[in-house]
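Visitor: Here it is: the structure, laid out below.
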Amino acid sequence: MKKFAVIGNPIEHSLSPTIHTLFAQEQGEVIDYKKLLSTKNTFQEDIKLFFDNEGIGMNVTIPFKDNAYLISDENDKSSILCKSANTLFKKDNKIKSYNTDGDGLLNDFDKNSIDVENKKILVIGAGGAAKSILTTLCNRKPNSVHILNRTKNKIPIILDNIKTNTTINIYEEGMNFDLIINTTSISMINSEIIFPKNIFMNDSISYDLFYSKQKTKFQLWSEESGAKEAYNGLGMLIEQAALSYEIWNNYKPDTTHIKKSLGF
5 MKKFAVIGNP IEHSLSPTIH TLFAQEQGEV IDYKKLLSTK NTFQEDIKLF FDNEGIGMNV
65 TIPFKDNAYL ISDENDKSSI LCKSANTLFK KDNKIKSYNT DGDGLLNDFD KNSIDVENKK
125 ILVIGAGGAA KSILTTLCNR KPNSVHILNR TKNKIPIILD NIKTNTTINI YEEGMNFDLI
185 INTTSISMIN SEIIFPKNIF MNDSISYDLF YSKQKTKFQL WSEESGAKEA YNGLGMLIEQ
245 AALSYEIWNN YKPDTTHIKK SLGF
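With my numbering, letter number 74 in the sequence shown gets 78, and the count goes up by one each step, no holes.
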């Protein structure tokens, strides 16, 4: 039986084992997919132990994506461009890193008819999640990309760590956008949303990378602030998982039924 895992901290909430098991059932396979709780001090050893014990593939989530990129023997272009990895694959006795977050997001955009080309885009947050999606966003030829972050001095750091074909600028007061993407954890914490409401236009779309069975806090705030439509990140989670599964198993899963199977 093929062995897979997702590693992170926290990890108990992860839907990845269920999603990948559904993909395997579709393929007619049986897999062993576990959740692994790790720490910064034990992460590298936990990775080694998993792959030494016949592990084939691993998903990496918060807060270890940068570490996963750094400890890999080889890196795919998708992880090199953002210096971050959410997928590890052991082949020929070497661990190779990939990042499927950005393409997973764009695949969900396509399923929901969310356009990027020639659009003004605001990315809220300057952490690892933002870094994972900026390169692929810029490949879709947006009109402009701006970053809004509570601490502005973090923005140059993230820009130094990614390669894009579009200039990324810092948000300035009074700007509004076609597409607003939240990469912060604001939907997960008990804190008031204090982002400027005038970032929205009448036909603006918002997208929260976080997800829940109900609308997320950012979705609700977006709608109250004037967004025409507001999405959460469940679709992105499913799409990036499908890309990981394809890397490991050379099989492209059908993602159309997964939300219903998960009870969403």
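Quick reminder that beta carbons are idealized off the backbone N, C-alpha and C, glycines included.
Please look up how many angstroms separate the CB atoms of LYS232 and SER208, rounded, as I've assumed it's under 8 Å.
Guide: As a first step, residue 232 is located in the sequence shown; it is residue number 228 there, counting from the start. As a first step, residue 208 is located in the sequence shown; it is residue number 204 there, counting from the start. Indeed, because the Cβ distance is near 6 Å, the residues count as touching under 8 Å.
Visitor: Where ASN180 and ASN202 are concerned, what is the direct C-alpha to C-alpha distance, given to the nearest angstrom?
Guide: Sequence index remark: in the sequence shown, residue 180 carries index 176 (1-based). Sequence index remark: in the sequence shown, residue 202 carries index 198 (1-based). Using only the alpha carbons, I get a separation of about 6 Å.
Visitor: How do the segment 145 to 155 and the segment 170 to 180 stand: do at least 3 beta-carbon pairs fall below 8 Å, yes or no?
Guide: Contact between the segment 145 to 155 and the segment 170 to 180 is present, because at least three Cβ pairs lie under 8 Å.
Visitor: Rank PHE47, LYS7, PRO14, ASN45 by C-alpha distance to the C-alpha of ALA28 and give the top, closest one.
Guide: As a first step, residue 28 is located in the sequence shown; it is residue number 24 there, counting from the start. Nearest option by C-alpha distance: LYS7.
Visitor: Is it buried or exposed, ILE161, if we count other Cβ atoms within 10 angstroms and call 16 or more buried?
Guide: By one-based count along the sequence shown, residue 161 stands at place 157. Exposed is the call here.
Visitor: The alpha helix (DSSP H) with LEU138 in it runs from where to where?
Guide: As a working note, residue 138 is residue 134 in the sequence shown. Residues 132 to 143.
Visitor: If distances are taken between C-alpha atoms only, which option among GLY12, MET5, LYS264 comes closest to ASN57?
Guide: On the sequence shown, residue 57 is found 53 positions in, with the first residue counted as 1. Answer by Cα proximity: MET5.
Visitor: How big is the Cα-Cα spacing for ASN206 and GLY230?
Guide: Numbered from 1 along the sequence shown, position 202 holds the residue referred to as residue 206. Numbered from 1 along the sequence shown, position 226 holds the residue referred to as residue 230. Going by the C-alpha atoms only, they are around 6 Å apart.
Visitor: Give the secondary structure of GLU78 by DSSP, where H, G and I count as helix, E and B as strand, and everything else as coil.
Guide: Position 74 of the sequence shown, counting from 1, holds the residue named residue 78. The answer is strand: DSSP assigns GLU78 an E or B state.
Visitor: My output table needs one value for SER195: the three-state DSSP class, helix, strand or coil.
Guide: As a position in the sequence shown, residue 195 is number 191, starting the count at 1. Coil at SER195, not helix or strand.
Visitor: Locate the beta strand (DSSP E) running through TYR102, then write down its first and last residues.
Guide: Position 98 of the sequence shown, counted from the first residue, corresponds to residue 102. Run containing TYR102: 98 to 102, per the beta strand (DSSP E) assignment.
Visitor: Helix, strand or coil for ASN147? Go by DSSP, reduced to three states.
Guide: Here residue 147 refers to the residue found at position 143 of the sequence shown. Three-state DSSP puts ASN147 in coil, outside helix and strand.
Visitor: Run through the DSSP bridge pairs and tell me what VAL321 is partnered with.
Guide: Lying outside 5 to 268, the shown extent of the chain, residue 321 is not represented and no answer is given.
Visitor: If you run the structure through DSSP and keep just helix, strand and coil, what is PHE68?
Guide: Reading the sequence shown from its first residue, position 64 is the one you call residue 68. PHE68 falls in the coil class under three-state DSSP.
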